[in-house]
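In our numbering, the protein residues as written are 128 to 824. All residues carry an ideal CB built from backbone N, CA and C; glycine is no exception. Here the structure is a predicted model, which means the values were calculated and not measured. See below for the structure under consideration.
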């Protein structure tokens, strides 16, 4: 993954781009234009760090400036259309639009007192500025995310403006344009709602954290561990892809980013060892998307969920742990079966590094991640934990550059001890001493041979962090249009009522309907807006039907991720296709097949919340339901691939399907019947394959 500058489009696909391949692709700028964009990106990252460390601005002003920076950078680096000249340089009107968008972002700051005083009674200037901001946001979303999401938001906006003319229960009482603009722009119910708050606080920090760890060499460590642990196993290259993507998922909440970082290494490795390009791309897409439910960092949605439900982030992480492990077990198992079906071998021993040696050399890279997890589970806010994780990574990068020039071991130990002591002062004095340690290390690095390269790496990390935040931030802002209209008109309540009516007759039917809504919405829009729309409609309905709060939201979140794998707009598959050089549609269908067994996990969690450690859970209950889920996934995978120890016969596939369905159902006696059917099938299949092997011998 290249990290040259914000104008470097080497991984343009990194963004949550949609239909047309150009959505989100960034310009190749040079000269003064490139410098201007780098300065703007650097300013954006520094602004976010100041906000995180000192919180000097009121919440609404902070959100407004965040959106201003996002719009500025999108207009400067993402072209409006395909013409080649627009890919190479920024036309004058994009410079102007970006500048104007940033100036409008300052409006809430400049007129803060007046806006508070006339709250609910906007002036003409308020409405003009609000309308201009909303229009600019729609165009920025089209550029960076494709057409689908802006179109969905536009439909909701039209509903807000003209919904009173719709018949029956679909209509509302009618709202003036001043009420709509006021709702979307002047308060915290619209584009400056909870998603934008989360983007401006946690998400940006965690994106930066992931980029800093990447620069520190975390990807190399993950790949070495994966190669060493599973490279030699049957179908080793694909298992390496699953494992390294899972590890990468712990620090990066973006599935598409995972595909474009880990996939550069794993997809060619898989194709070289006999997997088809389609299967290689599909494995990487499936494994990478799981990064969004992989603690501790998870995806942006996890932070939005914590904020929406008003629960500690640690509770969301706790609920996600077992489903995330089951998701990766699913991918691992499907790869194992496919390797068995195709008789694919592992990597030769000389190509697999010693994982313990790699860990011994680079164990210190895991320190920021360990501190982050400890802080999240000890009551610190995600914002403070993210800031500390980021600061520790910066200390590691700078400290390594200085320590490399200290020849005496004792002195080097004293140096690292001093750095650790300075960093540990945060427990007593907060962030200030940690920032002091970083400032001191920066000053020392200036006088160390090769130190300027380290500072350049830090600068590029800040620039890249700003670039990676663009599609996520824009999605968070524009989805506020949907939330604002749903809140103003009360439409979410009537839609939720519809789901509840269905659920009164069958909980399974309402779960199925919710899943289909998530998958259909996901055909055009990224996971964040997908989760926000479905959680505001379906999750309250599931709660009324007796599904625990976090479980109902995780159900929606999980299928929002699955939607990124299902064609026609499988974002992760499009990213993998660019590396595998295969059809994105075929990769999408294959990825859906690989993740198929994972579709059972959310249903099992609804019927038995102990799978997400919710409700009155016990360790015994959690272990039992996890074991049941593992067996269901084993059977489901065998059905999908048609292979276990040997190819499955039709009758065996039908028996495996029935046993898996019984294990998921969670009705009286279904568990017992499911276990019995599974045992019979596995014994019969084992006996048949052993007899065949004996006959061949």
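Reference residue i, options the options, closest by Cα
i	options	result
residue 467	310, 590, 365, 225	365
residue 496	337, 454, 669	337
residue 585	518, 459, 403	518
residue 787	725, 539, 372	725
residue 304	445, 642, 438, 258	258
residue 488	661, 710, 625, 352	352
residue 694	712, 686, 677	712
residue 247	308, 606, 763, 748	308
residue 180	570, 510, 759	510
residue 473	396, 408, 449	396
residue 225	203, 750, 772, 648	203
residue 798	764, 776, 449, 758	758
residue 525	580, 801, 314, 629	580
residue 401	438, 457, 462, 373	462
residue 648	169, 532, 606, 672	606
residue 392	426, 403, 346, 420	346
residue 276	705, 657, 737, 814	657
residue 358	686, 341, 476, 382	476
residue 749	743, 742, 738	738
residue 240	742, 174, 184	184
Length of the line joining the Cα atoms of residue i and residue j
i	j	result
residue 755	residue 638	20 Å
residue 311	residue 613	11 Å
residue 199	residue 587	19 Å
residue 552	residue 324	29 Å
residue 479	residue 362	14 Å
residue 332	residue 617	34 Å
residue 435	residue 542	43 Å
residue 316	residue 432	16 Å
residue 139	residue 597	Low confidence applies to residue 139: its pLDDT is 31, below 50, so where it sits in the model is not reliable enough to give any reading.
residue 150	residue 600	Interpretation of residue 150 is limited by its pLDDT of 45, a score under 50 that renders its predicted location unreliable; the figure taken from the coordinates is listed afterwards. Near 15 Å, if we compare the C-alpha coordinates of residue 600 and residue 150.
residue 256	residue 793	55 Å
residue 502	residue 378	15 Å
residue 418	residue 252	44 Å
residue 281	residue 234	24 Å
residue 547	residue 562	13 Å
residue 802	residue 470	29 Å
residue 289	residue 611	15 Å
residue 154	residue 498	37 Å
residue 423	residue 516	12 Å
residue 444	residue 783	32 Å
residue 807	residue 800	11 Å
residue 590	residue 160	15 Å
Status (buried if at least 16 other CB within 10 Å, exposed otherwise) for residue i
i	result
residue 131	Bear in mind that a pLDDT of 33 at residue 131, under 50, signals an unreliable position, so the model cannot answer this.
residue 574	exposed
residue 385	buried
residue 513	buried
residue 728	buried
residue 136	Confidence at residue 136 is low in this model, with a pLDDT of 30, below 50, so its placement is unreliable and the value that follows should be read with caution. Buried: at least 16 other Cβ atoms inside 10 Å.
residue 819	exposed
residue 780	buried
residue 219	exposed
residue 350	buried
residue 177	exposed
residue 810	exposed
residue 182	exposed
residue 544	exposed
residue 388	buried
Residue i and residue j closer than 8 Å at C-beta
i	j	result
residue 394	residue 707	yes
residue 283	residue 608	yes
residue 187	residue 329	no
residue 322	residue 645	no
residue 677	residue 446	yes
residue 593	residue 627	no
residue 356	residue 206	no
residue 457	residue 718	no
residue 459	residue 369	yes
Cβ-Cβ separation, residue j to residue i (assumed contact under 8 Å), whole Å
i	j	result
residue 428	residue 682	So it is not a contact: roughly 13 Å between Cβ atoms.
residue 263	residue 228	5 Å
residue 326	residue 193	7 Å
residue 733	residue 674	5 Å
residue 416	residue 699	5 Å
residue 772	residue 816	4 Å
residue 291	residue 300	6 Å
residue 549	residue 564	4 Å
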